[in-house]
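Yeah, the sequence shown ends on 828 if you go by the working numbering, and it's all consecutive.
Report on one structure; see the data block that follows.
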Amino acid sequence: MASLDEDLPPEARGWLDEVPAEDRRLFGLLDSVQDRLHDLTDPSVFPEIAYGRPAAAFTGREWRALGLWVQFRMLTWRVSPWRGSPLSAHLKQLAATVGRRRLAWPARELALLWRVAATPLVDGTTHEKMFAIPLTATRRLPTGEQAPYVAEMRRAAELLAASPGWAADSLTRRRLDDLLAVHIPEPPAVAAARLLRAADAFAVTMAEEYGERLGAPAIMPLLRHCATATTARPGDRWLATAADLLTRDAPALVRDVLTALARHRESAVDRSTPVYLHHDTAVLLRGLIWTCELIEAGWVVPVLGDVAVATGTGIGGSGPNSRSELLANAAVAVLAGHGGMAAVAQLARVRARVRRRSLLATVARALAAVGAREGLSPDQLLERTVPSFGLGPGGVRREPAGDHMIELALDEPGPALRFLDADGKVLRNAPKALRENHGDLLADLKTALKELRGTLATERARIEDALVLGREWTWAEAREHYLDHPVTSHLARRLIWQVDGRGAGLPEPRDGGWELVAADGARLRPADGATARLWHPLTATDEEVRAWRDHLMETAWRQPFKQAFREVYPLTPAERESGTFSRRFAGHVLRYGQAKALLDGRGWTGVSLGHWDAAGGSGRCEAVLRRGSLLAELPMWIPEEAWDDADHDRPAQVCVIGEVRFYRRRGEGWLERPLERVPELMFSETMRDIDLAVGVSSIGTDPAWTGPHREYWRESGFGELTESATTRRDALARLLPRLKIADRVELDGRFLRVRGELRTYKIHIGSAGVLMEPDDAHLRVVEVPAPAASVFLPFEEDGLLAAILSKAYLLADDIAITDESLTHQIWS
């Protein structure tokens, strides 16, 4: 390789004349051995080879000469530095090594370093390592001594900004912008836009809506400090600096930006994959979240809760991933540090909504930490922090609005706003006078309605978890936190409770307290210290279960989730014989998207299949459910025939499930557990989850299925009933006598037989598939209108019971069917 004089571009050769003679001599030593730089595995030894002694003995001049030589050599690159040539990689490492040293650079040499850095490479771009030495050296100078280099720094910044993103890391660009901002004042909006760099849709929103405020001289130093939030947690020094920069107007701006972040959703650019946030934007927002540790205001906790939910859930608001785990973790950590019951309520929201395993672990630790300070378990914390929304007796909140009244009410089938005139008459919509004169109140109540719906969904899931886990309370605790709570009572009062392992009944208020009323009418008034739990049919006799199901049907008592009609799954002889695994549902072919959504929603993790990397294992996964110290594992895979003509950019369309195994924690690992030693409740509820997934997502339930696995589709669509389908049959047996079409329907094994005017039909109770007598021809019914008559359902989880009844009403009056796609099949 030639010397620097020969390799430098003509316009830069004259710069060598500015290098002191002693440094030129050292350049010669470095040039003489530069060929060896290609072959070194550790480029740090290169100057030792050139200078002939250890780096520890180098003088300041020798280090500076090395820095100048590296800076000039980077300008001579003939192979683009991002192509990975050994020489370019080693030069970049040497530049970083020199940049980290605290060297006393003479002004003339530092100016020369900047001039070289501001010169484009042969392809007209630059690389961030060109700035490693001059940028670090200049940042260490007092502000007053940086001014002579501003012009060169500005040219360098323009060159860096024009270079590809992968050629210039964001930290280098940001540090250079920060340095220039001190010496070149910009309009606030311009300064904010330069920092945000329009890296994503939210950065654009911040620049457009908050640019003037973000770029204000009193705010910009805090914003630049937030952009340095590159570690997992803030250190004391970071927070101390933030506290110094937190001006009077900053908290309101932090609130507004984070509130907007909670509303932000991913968006696609130029039809590409939807993007939520660029990493640079996320880092800056993490700094704003950390700043909330220093702000004492009522908005902090609810806004952080909104941010944690929005960033912690997956694209589209569901799934096992997070939009930004970086931001969700930051919000959860600040909530945990804030403490108090208000923070617990927000952490409960996060736990109920997110499915990312690592984030759930963070939330669990946060709840445990707050609970330890309060002397309560995480479950106790959650039940003590359910908001009341101002609801009074009967689950109603009344707000006067001039001549009208607005009610926020826990109605069936869900919460609603009601508008009443001066005479108490319920109006269909909010009248114009109310909207115009009480708009703020109306907006507040609409927000409360939305939050109430979300809280009910969270509480429903939490109470069902308590049933699944067999949680216990004292009767006094059950009354206080469930039956007497204005929100939770809406669910808890419709469930069957059991005290001291014997008396089971529906709660009924009486004489200022509560009694449990059994299915036969017997009453029990529990003592405050009695042990209470939610009744589970697994612990009851067949006669007790039958009595409760009959009672719910007779009284039209709809439960918030399946309890009396809940399926139970005792061990089968085959499972006892296998010992450690169950093949009860093995081999079922499921629609992957539906199965994944259902399992994700019930707390299973690890469900991820796709065609993108067969060799790397994308065609197989293990769905995992953790409950306490036990773990259930369900293998899932893409069938071989599904790989033909597969779209490798999309998730799987179908999957097959295998045998279920259980494990118990042992130290840091997991030990396989014999089925007979798995608690009955854990086993039953795990199998119920899988049965529900099969019942909803099996291709056998799809009347329009035309893909492979036709034999399975036929067998599963019209074969033997699973436990969930058996429970559905039990419900139908009680419902049919109450129907207007009772004289046209009857149960026949695994079918609901419907007699129409034209033909007789058999609706499979497991899949809702339809066969026509006498030859069992398949009737493809894709869309079915709801029954004309309102039909009471004691439960509805998967939609199949409603679908079966809708088809029964439709086919019982088949002569009135006008849909040609159906009439053609019926008449053919």
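Glycine included, each C-beta is placed from N, C-alpha and C at the ideal position.
Integer Cβ distance of residue i from residue j, believed to fall under 8 Å
i, j, result
"Leu-277", "Asp-200", "5 Å"
"Gly-60", "Leu-103", "6 Å"
"Leu-445", "Leu-417", "6 Å"
"Gly-339", "Arg-373", "6 Å"
"Phe-72", "Leu-8", "6 Å"
"Ser-163", "Thr-126", "5 Å"
"Tyr-829", "Asp-244", "Absent from the model: residue 829. The displayed extent of the chain is 1 to 828, so no value can be given."
Residue i in three-state terms, based on DSSP
i, result
"Val-300", "helix"
"Pro-81", "Residue confidence for Pro-81 is low, a pLDDT of 44 falling below 50, so the modelled location carries little weight and cannot support an answer."
"Asp-748", "strand"
"Glu-266", "coil"
"His-406", "What sits at residue 406 in the sequence shown is Ile, not His. Ile-406 falls in the strand class under three-state DSSP."
"Glu-399", "strand"
"Ser-3", "coil"
"Phe-792", "coil"
"Val-307", "helix"
"Ser-582", "strand"
"Ser-806", "helix"
"Trp-354", "Per the sequence shown, the amino acid found at residue 354 is Val instead of Trp. Residue state, collapsed to three classes: coil."
"Glu-633", "strand"
"Arg-453", "helix"
"Thr-531", "strand"
"Thr-726", "helix"
"Trp-166", "Legend: pLDDT at Trp-166 = 48, less than 50; position of this residue unreliable, no value from coordinates given."
Cutoff 7 Å; reference residue i; Cβ partners in own chain excluding five residues on either side
i, result
"Ala-742", "Leu-736"
"Ala-282", "Ser-324, Leu-326 and Leu-327"
"Arg-101", "Trp-63"
"Ser-377", "Gly-371"
"Arg-744", "Val-754, Arg-755 and Ala-812"
"Thr-97", "Ser-44"
"Gly-606", "Cys-621, Glu-622, Ala-623 and Val-624"
Same chain, Cβ closer than 6 Å to residue i, neighbours up to 5 away in sequence not counted
i, result
"Ile-690", "Phe-585"
"Val-468", "Glu-685"
"Glu-383", "His-481"
"Arg-397", "Gly-390, Leu-391 and Leu-408"
"Arg-265", "none"
"Asp-775", "none"
"Lys-129", "Lys-92 and Ala-95"
"Val-678", "Phe-662"
"Glu-633", "Glu-622, Val-624 and Arg-661"
"Glu-773", "Thr-760"
"Val-344", "Val-370, Leu-381 and Thr-385"
Neighbourhood of residue i by C-beta, 8 Å cutoff - its chain only, sequence neighbours within 5 removed
i, result
"Ile-815", "Gly-756, Glu-757 and Leu-758"
"Leu-176", "Phe-131, Leu-135, Met-153, Ala-156, Ala-157 and Leu-160"
"Pro-148", "Ala-107 and Ala-111"
"Gly-402", "Ala-433, Leu-434, Asn-437 and His-438"
"Thr-241", "His-225"
"Arg-494", "Leu-506, Trp-557, Arg-558, Gln-559 and Pro-560"
Proximity of residue i and residue j at Cβ, strictly below 8 Å
i, j, result
"Leu-410", "His-490", "yes"
"Gly-470", "Leu-793", "no"
"Pro-635", "Gly-658", "yes"
"Leu-750", "His-764", "Before going further, note that residue 750 is Arg rather than Leu in the sequence given. Yes, the pair counts as a contact, with Cβ atoms nearer than the cut-off."
"Thr-580", "Arg-661", "yes"
"His-183", "Val-204", "no"
"Ala-181", "Glu-212", "no"
"Arg-453", "Ala-352", "no"
"Leu-294", "Leu-258", "no"
"Arg-576", "Glu-676", "yes"
"Leu-75", "Asp-31", "no"
"Leu-335", "Gly-305", "yes"
"Leu-835", "Cys-655", "Residue 835 cannot be examined here, being either before or after the span of the chain that is shown, 1 to 828."
"Val-487", "His-588", "no"
Within the chosen definition, does the region 539–554 reach the region 564–572 through at least 3 CB pairs nearer than 8 Å? yes
Stretch pair the region 289–301 + the region 236–254: three plus CB contacts closer than 8 Å: Judged by Cβ distances under 8 Å, the region 289–301 makes contact with the region 236–254, as three or more pairs qualify.
Answer yes if the region 568–583 comes into contact with the region 498–510, meaning at least three C-beta pairs across the two stretches below 8 Å, and no otherwise. no
Would the region 718–730 and the region 596–610 be scored as touching if the rule is three or more Cβ pairs under 8 Å? no
On the three-pair Cβ rule with 8 Å, is the region 64–73 touching the region 14–27? yes
Stretch-stretch touch, CB-based, cutoff 8 Å, three pairs: the region 415–428 with the region 505–522: no
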